[in-house]
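Novice:
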Amino acid sequence: MYEDSGDGFDYEKGEYALTEFVLDWNEDKAKISIDVSGDLSVIPRNRKYRLY
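Mapped onto full-length UniProt numbering, the consecutive letters of the sequence shown carry residue numbers 1 to 52.
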């Protein structure tokens, strides 16, 4: 998932974050990993994920 401030052109200067979601199935279990990279200042401090 790509995230930036939502206005302006600061993303051109690298002010954005990337969130990667990885789902691993292992027989009867599922594991979801969430990894964030980039400029963490552009994402909310607290957030929730709803996965379907």
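Backbone N, C-alpha and C fix where the C-beta goes; we use that ideal spot for every residue, glycine too.
Counting only the same chain and skipping the five closest in sequence on each side, list residues whose C-beta sits under 8 Å from that of N26.
Specialist: For N26, where only same-chain residues beyond five positions count, there are no Cβ hits under 8 Å.
Novice: Residues in its own chain within less than 6 Å of I32 by CB, not counting five upstream and five downstream?
Specialist: Around I32: L23.
Novice: Does DSSP put K13 in a helix, in a strand, or in coil?
Specialist: It is helical.
Novice: Closer than 6 Å by C-beta to T19: which residues in its own chain qualify, once you throw out the five before and the five after it? Chain order, please.
Specialist: Excluding positions up to five away in sequence, the list reads M1, V36.
Novice: Any chance you could list the beta strand (DSSP E) runs of at least 3 consecutive residues sitting entirely within the UniProt domain "DUF5110" (1 to 51), in chain order?
Specialist: List check, beta strand (DSSP E) in window: 2 to 4, 16 to 26, 29 to 38.
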